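If you're matching positions, the sequence shown starts at 1 in my numbering and goes up one per residue.
Note that the Cβ used here is the ideal one computed from N, Cα and C, for glycine as well.
Given the structure is predicted, the values throughout are model-derived calculations rather than measurements.
Beneath this line is the structure, given in structure tokens, with notes to follow.
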Amino acid sequence: MVPYLDLINVMAYDLHGPWDQVVGINAPLYAAEKDASDSSGRQQQLNVDAVVKYWLKAGAPAEKLILGVPFYGRSFTLATAEGNQPGAPHIGKGIAGNYSREPGVLGYNELCEMMEREEWTQKWEATQQVPYAYRQRQWVGYEDPRSLALKAQYVMDNHLGGIMIWSLESDDFRGTCGQQPYPLLHEINRVLFGGNTPSGLTTESNRESPSEGFSCPADAPAGYIRDPDNCSKFYYCSGGKTHNFDCPSGLNFDLDTKSCNYSGSVKC
1 MVPYLDLINV
11 MAYDLHGPWD
21 QVVGINAPLY
31 AAEKDASDSS
41 GRQQQLNVDA
51 VVKYWLKAGA
61 PAEKLILGVP
71 FYGRSFTLAT
81 AEGNQPGAPH
91 IGKGIAGNYS
101 REPGVLGYNE
111 LCEMMEREEW
121 TQKWEATQQV
131 PYAYRQRQWV
141 GYEDPRSLAL
151 KAQYVMDNHL
161 GGIMIWSLES
171 DDFRGTCGQQ
181 PYPLLHEINR
191 VLFGGNTPSG
201 LTTESNRESP
211 SEGFSCPADA
221 PAGYIRDPDN
231 CSKFYYCSGG
241 KTHNFDCPSG
251 LNFDLDTKSC
261 NYSGSVKC
């Protein structure tokens, strides 16, 4: 399979959830101490580090592995309010959030807003390097900027190809929880790219005129247009305004798919 794939998105999340008999954290970076007592060895495999090492041991090139991280948590309803540590028994999924509206799932934006208006106890699981929180009988294991920074550093230390997010709309994109908008995404970028917007990312330019003499016609329909002189540049036209974008290095804008593609697959 590897020779036919450019990248492999590794979904290293949903490692624990309401399908388990006890509460557990969605995407722990490492195994919990108690997992060592599992005679089957299964629990020791349910963490990000074990998942990545499995792929590497099977022969996958590190540079093709893209670590998937969740911007949501898995929530539970505890059996009793007193049993609130990872591994405590539960009776089912946690209550649904205001946006995802799915029992057992809380986006980071939902959770941080709940923590702003309600009294939640927040804890850090030092061995697994992830947070969890509880309030009365509601319990959730999730990601925060600290845990995602550690995962991004793990990617760097193990020379993996990058990070995949599931999914962006679950970040605090409005910055309503006392942080800048997209705090999770910003923290990942800070670690991966040293705090600067990476040159390889598709970003909007600050230039008023995207290309010498080029601007979207006032009556142009909203959509993407490729630069007539440079296939790696493209523009988004909207209401007569021109927004400038660059493809990552080595890619060109594909008119068929309206996305950046490998240069050999794009006719310029």
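Span of the alpha helix (DSSP H) around residue i
i	result
Glu187	Pro183 to Phe193
Coarse secondary structure for residue i, derived from DSSP in three states
i	result
Cys268	coil
Ser40	coil
Gln153	helix
Ser170	helix
Tyr13	coil
Tyr235	strand
Tyr30	coil
Asp256	coil
Val22	strand
Alpha-carbon to alpha-carbon, residue j and residue i
i	j	result
Ile225	Pro217	11 Å
Gly68	Ile163	6 Å
Cys237	Gly223	5 Å
Glu116	Ala36	36 Å
Leu15	Leu46	6 Å
Ile165	Phe234	24 Å
Ala32	Glu63	27 Å
Lys57	Phe253	36 Å
Thr203	His243	Unreliable positioning characterises Thr203 in this predicted model, as indicated by a pLDDT of 36, which lies under 50. A coordinate reading is not provided.
Ala88	Glu82	9 Å
Ser39	Tyr132	26 Å
Gly178	Met114	13 Å
Asn26	Leu148	13 Å
Ser211	Val48	Summary for Ser211: the model assigns pLDDT 41, below 50, so the residue's position carries little reliability, and this model does not support an answer.
Val2	Lys151	24 Å
Asp20	Pro181	34 Å
Gly73	Asp172	14 Å
Gly264	Leu111	44 Å
Bridge-paired residues (DSSP) for residue i
i	result
Cys216	None, per the DSSP bridge assignment.
Tyr262	Leu251
Thr176	Partner(s): none; Thr176 has no beta bridge.
Asn230	Partner(s): none; Asn230 has no beta bridge.
Asn339	The structure shown does not extend to residue 339, since the chain is modelled only from 1 to 268, so the question has no answer here.
Span of the beta strand (DSSP E), counted from its first residue to its last, around residue i
i	result
Met164	Gly162 to Trp166
Pro131	Val130 to Arg135
Ser249	Careful: Ser249 lies outside any beta strand (DSSP E) and carries neither H nor E.
Tyr224	Gly223 to Arg226
Trp139	Gln138 to Gly141
Length at least 4, wholly inside the stretch 40-125: the alpha helix (DSSP H) runs in chain order: 48-57 and 108-117
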